[in-house]
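J.: Chains as they are written, first to last, in the working numbering: chain A, -9 to 204; chain B, 94 to 556. C-beta atoms are modelled at their ideal positions from N, C-alpha and C, and glycine is treated no differently. From a predicted model like this one, the values you see are computed outputs, not experimental measurements. Just passing along the structure, written as structure tokens.
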């Protein structure tokens, strides 16, 4: 009998514009996230992390891994922004790695997916975005970082879009702290059906540096 | 005493007084041969202090909490030994080695980093430690993995806006754990509800609720589970179970004598009573929310109800379920009957309909029945805190019933641990035994756990 997992996917934009402090802040943020989750016994038992990066291509650099075995990955920035490929890869990874409830087995918790990007996509993204929005494979939170990111594009992927203008290390630190708090709060009973629509998962309020895109 | 009185005040106009129900008593050391009280008189649940004539009573003793694994901050000076090493030591050596940290042999990879390490320190017992010291993480490579804490909740159980509109609700006594027991003619009812580890760690109240009532012919059992994502679901579950039980008990007297002798008419009457009871509960929860100026969705809860009708040779069972959780029956041939339909979604924690949702009334109409319950040996209704670790319940319920009939000598497959114990059904104080059974540990299963059980007394089934 398998453990019910809380799958968490992080999609990180590693295009050239993220070079320097932003990409270091992302890596540092993932390390801090891992450390934070290790401090929560519920997350230690349930949370599984995966990291998908996208530059000119998309790759799952860490498959869904329980946090006690998770090693924060190293990656660099460069290339363009294959956002559409990343969304397609995300869909495939969720389909392959996440279990739904069957007559024999209780499913995983609904995945929590964080996407952050700092620029406009350079590949075909509209169809993968529409597919994700239609199928809702998880609770997706997309973050538009800096001035070049277009929150309206992210709105094509999910209703929950945040804007983080400030890309300083401190802003990333606060963001990942919020991600951690969101993960800790997620494994709760929620409505999911026509009669009991989930009005968005209950997430803690984002830090002041981040605003919610209407 | 009517529920309308406890919730809405005795002077509220238009409130009829129902027949006297008997709400569930506190945990008791019931003896199998104890004559059941079927007089129909009212007995107050000791954990409540409302309803006008309430007398202060002792709260229901809490169930035993899960022990909190301890960890030492002073890692550098702590001698770390395996259990085998400890056993191999002489008493003298053991005295020298202090504090001693027991480290179980490594298990499979999935157990790594969980709270498996127990620390036994002769110089400082667990009870001497402050909560923050108990929660000190243990070393786990470069990052310490956390252990569970037990935290008090820093807010009133009934928030101000609800307390203002419903003072009697604010007078209800909340406890983190409950245990109940009641012997009936030929049956015994036992139950337990415990705050989940996650709720305790996050400083949240128990969101599950249970309640039962007994009158001459009718026994009503009700379990509810408040949605963790909803701020006041604990109030919703609390009201739902009580309203259901009170309404069903007070309605039973209205069944005409001629219908009681006709099995199909009796079944139809009881189905209507059960449906109306669940609908009434739904209405009350919504009413409390609206009169408090709140959205009923804040009070979302599941609701599972079972009615047992006993009258002479007639034994009839009915059930209704709104939301997740499980109702299971075991018959004399040891076959398991799933006696309700769980409204679960594709992922864990998802529920397709709560009591207060738009389809709540439609769900109330779905009543299952066992017209002749003479071959039923036992049944339970439980929240998902028990359903999930024993999923699928139609296959795992047999294990549960077997353990209650024969005792626990080893943990079931997939479980970290289960307390070893004698058969719950053969214990004189069965509620305490059931509370102990609820202490099972399974990775990732840390929700509130609530269960009400009915079983034959004396026990007829042999495993």
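Indicate the three-state DSSP secondary structure (helix, strand or coil) for residue 496 of chain B in the structure shown.
T.: helix
J.: Looking at residue 568 of chain B: is its Cβ nearer than 9 Å to the Cβ of residue 544 of chain B?
T.: There is simply no residue 568 of chain B to check, as chain B begins at 94 and stops at 556 in what is shown.
J.: What do you reckon, are the CB atoms on residue 440 of chain B and residue 97 of chain A nearer than 9 Å?
T.: yes
J.: So for residue 373 of chain B, helix, strand or coil by DSSP?
T.: helix
J.: Mind pulling the chain A residues with CB within less than 8 Å of residue 481 of chain B?
T.: Within chain A, -6, 96 have C-beta atoms less than 8 Å from the C-beta of residue 481 of chain B, given in sequence order.
J.: Only counting the same chain, and skipping five residues up and downstream in sequence, which positions put a Cβ closer than 8 Å to that of residue 50 of chain A?
T.: 40, 41, 42, 79, 83
J.: Does DSSP put residue 88 of chain A in a helix, a strand or coil?
T.: For residue 88 of chain A, the secondary structure class from DSSP, reduced to helix, strand or coil, is coil.
J.: Per DSSP, which one or two residues make a beta bridge with residue 554 of chain B?
T.: In the DSSP output, where bridge partners are listed per residue, residue 554 of chain B has none listed.
J.: By alpha-carbon positions, which one of A:108, A:61, A:86 ends up nearest to residue 71 of chain A?
T.: A:108
J.: Can you give me the Cβ contacts of residue 223 of chain B inside the same chain, cut-off strictly under 6 Å, excluding the 5 residues immediately before and after it?
T.: At residue 223 of chain B, the pLDDT of 38 sits below 50, so the modelled position is not reliable; the number obtained from the coordinates is stated separately. If we look at residue 223 of chain B and ignore the five residues flanking it on each side, it has no Cβ neighbours.
J.: What do you get for residue 202 of chain A, buried or exposed, if any count of 16 or more other CB atoms within 10 angstroms of its CB means buried?
T.: exposed
J.: Mind checking residue 416 of chain B: buried by the 16 CB within 10 Å criterion, or exposed?
T.: It is buried - the Cβ of residue 416 of chain B has at least 16 other Cβ atoms within 10 Å.
J.: Residue 115 of chain A CB to nearest chain B CB: under 9 Å?
T.: Answer no: the Cβ-Cβ gap between residue 115 of chain A and chain B never drops below 9 Å.
J.: Does the beta-carbon distance from residue 155 of chain A to residue 18 of chain A come in below 9 Å?
T.: no
J.: What in chain B is Cβ-close to residue 32 of chain A, meaning under 9 Å?
T.: 239, 241, 290, 291, 294, 295, 537, 539
J.: Please give me, in chain order, every unbroken run of the alpha helix (DSSP H) with length at least 4 that falls completely inside the stretch 235 to 291 of chain B.
T.: 253 to 258, 260 to 263
J.: Starting from residue 12 of chain A, trace the beta strand (DSSP E) in both directions and tell me its first and last residue.
T.: It is not in any beta strand (DSSP E) - residue 12 of chain A instead sits in the alpha helix (DSSP H) that spans 11 to 28.
J.: By the criterion of Cβ-Cβ separation under 7 Å, what are the contact partners of residue 108 of chain A in chain B?
T.: Residues of chain B passing the Cβ test: none, with the nearest at roughly 29 Å.
J.: Out of B:312, B:318, B:377, B:373, which has the shortest C-alpha to C-alpha gap to residue 346 of chain B?
T.: For residue 346 of chain B, the closest of B:312, B:318, B:377, B:373 by C-alpha to C-alpha distance is B:312.
J.: When you compare only the Cα positions, how much space is there between residue 469 of chain B and residue 262 of chain B?
T.: 37 Å
J.: Listed in chain order, which residues of the stretch 414 to 441 of chain B have Cβ atoms closer than 9 Å to some Cβ of chain A?
T.: 416, 417, 436, 437, 438, 439, 440, 441
J.: Does any C-beta atom of chain A lie closer than 9 Å to the C-beta of residue 443 of chain B?
T.: When Cβ-Cβ separations below 9 Å define contact, residue 443 of chain B makes contact with chain A.
J.: Listing by chain order, which chain A residues have their CB less than 7 Å from the CB of residue 485 of chain B?
T.: 93, 94
J.: With distances taken from CA atoms, which of B:452, B:316, B:533 is nearest residue 395 of chain B?
T.: The residue with the shortest Cα to Cα distance from residue 395 of chain B is B:316.
J.: Answer yes or no: do residue 418 of chain B and residue 318 of chain B have a C-beta to C-beta separation smaller than 9 Å?
T.: yes
J.: Between which two residues does the beta strand (DSSP E) carrying residue 126 of chain A extend?
T.: Residue 126 of chain A -> no beta strand (DSSP E), and no H or E assigned at all.
J.: Determine the burial state of residue 92 of chain A: buried for a count of at least 16 other Cβ atoms within 10 Å of its Cβ, exposed for fewer.
T.: exposed
J.: What's the gap between the Cα of residue 344 of chain B and the Cα of residue 366 of chain B?
T.: 7 Å
J.: Between the stretch 397 to 404 of chain B and the stretch 296 to 311 of chain B, do at least 3 Cβ pairs fall closer than 8 Å?
T.: yes
J.: Using a threshold of 9 Å, state whether the C-beta atoms of residue 431 of chain B and residue 479 of chain B are closer than that.
T.: no
J.: If contacts are defined as beta-carbon pairs under 8 Å, then residue 523 of chain B and residue 275 of chain B qualify, I think. What distance do you get, rounded to the angstrom?
T.: Contact flag wrong, Cβ pair sits at about 10 Å.
J.: On the DSSP bridge assignment, give the partners of residue 303 of chain B in chain order.
T.: Looking at the DSSP output, residue 303 of chain B shares a beta bridge with B:316.
J.: At least one CB of chain B closer than 9 Å to the CB of residue 100 of chain A: is that the case?
T.: Chain B places a beta carbon closer than 9 Å to that of residue 100 of chain A, counting this residue as a contact.
J.: Who are the Cβ neighbours of residue 256 of chain B in its own chain at under 8 Å, not counting the five residues just before and after it?
T.: 249, 262, 263
J.: Count the other CB atoms, across all protein chains shown, that sit within 10 Å of the CB of residue 533 of chain B; report buried if there are 16 or more and exposed otherwise.
T.: buried
J.: Using only the alpha-carbon positions, how far apart do residue 277 of chain B and residue 549 of chain B sit?
T.: 9 Å
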